Amino acid sequence: MDKNKVPVLVGTGQLVHRKKTLDQMDPLEMMAEACRVAADDAGVDFVAKVDTLYVVNCLSRSLYNPCEVLSEKIGCTPSETGYTGIGATAPQWFVNRTAERIYEGSSELALICGAESFYTHGKARSLHEATVDFARESRSRTPYPYVGDMRVPFSVLEEQYGLVAPLTMYALMENALRAHRGKSIEDHFRELCVFCAQFSEIASRNPFAWFRKARTASEIGRLNETNRMVAFPYTKLMCSNMTVNQAAALVMTSLARAEAMGIARDKMVFLRGSSNAEDVWLVSERPHLWASPSVRVAVNRALEPIPASIDEIKYLDLYSCFPCAPRVTREMLDISDEDSRPLTITGGMAAFGGPGNNYALHAICQMAERLRADPDAFGLVQALSWFISKHSVGIYSGRPGETGWAPTNNGSLKRKGDAYQPVRVHKEANGKARVESYTVLYDRDGVPSAAIVIGRDERENRFLARVRPGENILKQMTQEEMIGRRGMVKYDRATGQNWFHI
Numbered sequence: 000m001d002k003n004k005v006p007v008l009v010g011t012g013q014l015v016h017r018k019k020t021l022d023q024m025d026p027l028e029m030m031a032e033a034c035r036v037a038a039d040d041a042g043v044d045f046v047a048k049v050d051t052l053y054v055v056n057c058l059s060r061s062l063y064n065p066c067e068v069l070s071e072k073i074g075c076t077p078s079e080t081g082y083t084g085i086g087a088t089a090p091q092w093f094v095n096r097t098a099e100r101i102y103e104g105s106s107e108l109a110l111i112c113g114a115e116s117f118y119t120h121g122k123a124r125s126l127h128e129a130t131v132d133f134a135r136e137s138r139s140r141t142p143y144p145y146v147g148d149m150r151v152p153f154s155v156l157e158e159q160y161g162l163v164a165p166l167t168m169y170a171l172m173e174n175a176l177r178a179h180r181g182k183s184i185e186d187h188f189r190e191l192c193v194f195c196a197q198f199s200e201i202a203s204r205n206p207f208a209w210f211r212k213a214r215t216a217s218e219i220g221r222l223n224e225t226n227r228m229v230a231f232p233y234t235k236l237m238c239s240n241m242t243v244n245q246a247a248a249l250v251m252t253s254l255a256r257a258e259a260m261g262i263a264r265d266k267m268v269f270l271r272g273s274s275n276a277e278d279v280w281l282v283s284e285r286p287h288l289w290a291s292p293s294v295r296v297a298v299n300r301a302l303e304p305i306p307a308s309i310d311e312i313k314y315l316d317l318y319s320c321f322p323c324a325p326r327v328t329r330e331m332l333d334i335s336d337e338d339s340r341p342l343t344i345t346g347g348m349a350a351f352g353g354p355g356n357n358y359a360l361h362a363i364c365q366m367a368e369r370l371r372a373d374p375d376a377f378g379l380v381q382a383l384s385w386f387i388s389k390h391s392v393g394i395y396s397g398r399p400g401e402t403g404w405a406p407t408n409n410g411s412l413k414r415k416g417d418a419y420q421p422v423r424v425h426k427e428a429n430g431k432a433r434v435e436s437y438t439v440l441y442d443r444d445g446v447p448s449a450a451i452v453i454g455r456d457e458r459e460n461r462f463l464a465r466v467r468p469g470e471n472i473l474k475q476m477t478q479e480e481m482i483g484r485r486g487m488v489k490y491d492r493a494t495g496q497n498w499f500h501i
């Protein structure tokens, strides 16, 4: 084992600020503070020697050249910098990228950090605004100082039907998952409440969680003015809470450099396996709306160099922006519902907090702490971007293993057979049809206001459609299973959209 080629995590820093003082809660100030905490955690003053600085995209404020500004704040002059566009795989992707640079000898000391201050600046910039701005930037083909994937995550047709917000997309996938698992609407809702309550209980024991009070399943499912239905079947308490001030930072180096700097061995956590993979990019073109086969590919690739199966990974943190995300991953990895391992170590994004694209960096920091205390165990962190569109995976341990680490052959999922082929979506649909999935959207008063359907016509052509609003039909769609229900679809040239009639 060449210790110069073995990447190791040596310092972690997490912050949670509940004040609304603007000068203290600027995301870059929070990042700088998190970097100092991470350096203190490593026990060595090395910030001036950092040669690589990566910053995760900030949604709560628009940042111009954050790497340069942050470098000045913390006192380093990195030769390699990077700032991502929107995409929550960024923290784990940066770890994987840094590990490759350490392995190649092009980086010796790296800082990865990110922060969000939606709690302070929440009214200044919404996720919807950030998403639309990102799409505009990406489609303009104007060069921006971003690294990583800048593809637009939705088509013009999906945007026409309002399939832009993650809440809407995940609600559609959640209902498809319910039908796949053969659950009734009532049983499925109870399952969601219990699932989220379990995450909340874990967050209550995490000092860096935003909500430290464990919520019961009854609280999560009870509708009231503070917990309205937002998109069927999700209540507000089931969804990622972005209204947080949270920051995290991570220090990486090689095992040889860590030992030379005198970093204590019990501070070291090793990246043992890593991988990235992506699915059919557009949700409306996926053969199965409830599935993400590429996460299985990513995890299996990451496991290849490790003498352990997924069943032997002791600690899991599966990305959890909405309940269906970790449950889809669980389904793809063949982890039983009865498996005693929690699917999160942080408490999940509804209770721990959903600091934009930076959540997975908190999960990695949390995993490092867990493995410092239990160095012979393995831990898996899975991050995803957009609408379960792509995955970045890291497997960690407190031990380096006998052979160290080596880059994985990453790339897109190689689709084999019809099950992996994109489905063509027809803009104009007419005639008899059936529902593949759907969701009902609610206004701020908790009143159903719209419904979106993904369906198939008689020739099995897929289409997107809206449902004519009406209190009775929208209420019916939340009480009776509509997936598989047959009706009529008609394209309306006046609105330029398909309309589905039950």
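If you number the sequence shown the way numbering that gives the first Met the number 0 does, the last residue is 501 and the count never jumps. Yeah, the Cβ is synthetic: ideal placement off N, Cα and C, and Gly gets one too. These numbers come from a predicted model, not from an experiment.
Compute the beta-carbon to beta-carbon distance between Ser217 and Arg211, rounded to the nearest angstrom, for a pair I have assumed lies under 8 Å.
-> Going by Cβ atoms, the distance from Ser217 to Arg211 rounds to 19 Å, so no, they are not a contact pair.
Just the C-alpha distance for Ser308 and Val146, rounded to the nearest angstrom, thanks.
-> 33 Å
Simplified DSSP state of Trp385, which is helix, strand or coil = coil
Alpha-carbon to alpha-carbon, Ala38 and Leu541 = Absent from the model: residue 541. The displayed extent of the chain is 0 to 501, so no value can be given.
Determine the extent of the alpha helix (DSSP H) in which Gln420 is found, giving its start and end residues.
-> From DSSP, Gln420 is part of no alpha helix (DSSP H); its letter is neither H nor E.
Is Arg264 buried or exposed, if buried means 16 or more other CB atoms sit within 10 Å of its CB?
-> exposed
Give the secondary structure of Gly293 by DSSP, where H, G and I count as helix, E and B as strand, and everything else as coil.
-> Reading off the sequence shown, one finds Ser at residue 293, where the question assumed Gly. Helix at Ser293.
From which residue to which residue does the beta strand (DSSP E) around Arg485 run?
-> Arg485 to Asp491
Use the C-beta contact count for Ser78: other C-beta atoms within 10 angstroms, 16 or more gives buried, fewer gives exposed.
-> exposed
For Val279 and Pro421, believed in contact at Cβ under 8 Å, the rounded distance | 5 Å
Own chain residues within Cβ distance below 6 Å of Gly81, not counting five before or after = Tyr53 and Val146
Within the same chain, show all residues whose beta-carbon is closer than 7 Å to that of Asn429, passing over the 5 residues directly before and after it, in chain order.
-> Val488, Lys489 and Tyr490
Could you give the distance in angstroms between the alpha-carbon of Ile201 and the alpha-carbon of Gly346?
-> 5 Å
As assigned by DSSP and simplified to three states, the class of Ala123 = Residue placement at Ala123 is poorly supported in this model, since its pLDDT is 45, which falls under 50; the coordinates still yield a value, given next. Coil, per DSSP.
Taking C-beta to C-beta, are Phe321 and Tyr437 nearer than 8 Å?
-> no
Among Val7, Glu99, His361 and Cys192, which has the Cα closest to the Cα of Val15?
-> His361
Mind reading off the beta-carbon distance from Arg461 to Ile453? Whole number of angstroms is fine, and I expect it under 8 Å.
-> 7 Å
Entirely enclosed beta strand (DSSP E) segments - the stretch 321 to 368, minimum 3 residues = none
For Glu185, which of helix, strand or coil comes out of DSSP?
-> helix
Nearest to Ile262 (by Cα), restricted to the options Leu108, Val439, Arg467 and Arg443 | Leu108
Does the Cβ of Arg458 have 16 or more other Cβ atoms within 10 Å, making it buried, or fewer, making it exposed?
-> exposed
Roughly how many whole angstroms lie between the Cα atoms of Glu32 and Ala87?
-> 22 Å
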